[in-house]
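Participant: Please find one structure pasted underneath; my questions will follow.
Residue numbers (our numbering): 7 to 119.
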């Protein structure tokens, strides 16, 4: 019963945060349009985003974290929860940092051209 309550609460919390974020952003843009301002100030024309690269690197990082967590669990008798969670977050975060550096480098070389 507790697992169901925790799952429902987590889902509702995440849904609530995303809903408030999207509604606030929508209201800000509508207010700008009503005042006659251009809503394109929210987008950067010089910046190129690579979502496929980001998600690909994130999932590879998570997979490496799972593999290393399993290795730590089997080899050094770590606690399963600690080994898996720590490695998934570590490698997921490292992959996102690496993705940021790659995107920054790609955008710098794109601006120079």
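Just so it is clear, CB atoms sit at the ideal spot from N, CA and C, and this is done for glycine as well. Just so it is clear, the structure is predicted and the values come from calculations on it, not from any experiment.
Would you decide whether residue 101 is buried or exposed? Buried here means 16 or more other CB atoms lie within 10 Å of its CB.
Facilitator: If you number the chain shown from 1, residue 101 lands on position 95. By the 10 Å Cβ count, residue 101 comes out buried.
Participant: Looking at the unbroken alpha helix (DSSP H) that takes in residue 25, where does it start and where does it end?
Facilitator: Translated into positions along the chain shown, residue 25 becomes position 19. Its alpha helix (DSSP H) spans residues 8-41.
Participant: Let me confirm a value: residue 29 is counted as buried when at least 16 other C-beta atoms fall within 10 Å, else exposed. Which label applies?
Facilitator: As a working mapping, residue 29 is identified with position 23 in the chain shown. So residue 29 ends up on the exposed side.
Participant: Are the stretch 12-27 and the stretch 70-82 touching by the rule of at least three beta carbon pairs closer than 8 Å?
Facilitator: No, because fewer than three Cβ pairs between the stretch 12-27 and the stretch 70-82 fall closer than 8 Å, the two stretches do not touch.
Participant: Would residue 70 pass as a contact of residue 97 if the rule is Cβ separation under 7 Å?
Facilitator: Working through the chain shown from its first residue, we reach residue 70 at position 64. Working through the chain shown from its first residue, we reach residue 97 at position 91. Going by C-beta atoms, residue 70 is nearer than 7 Å to residue 97.
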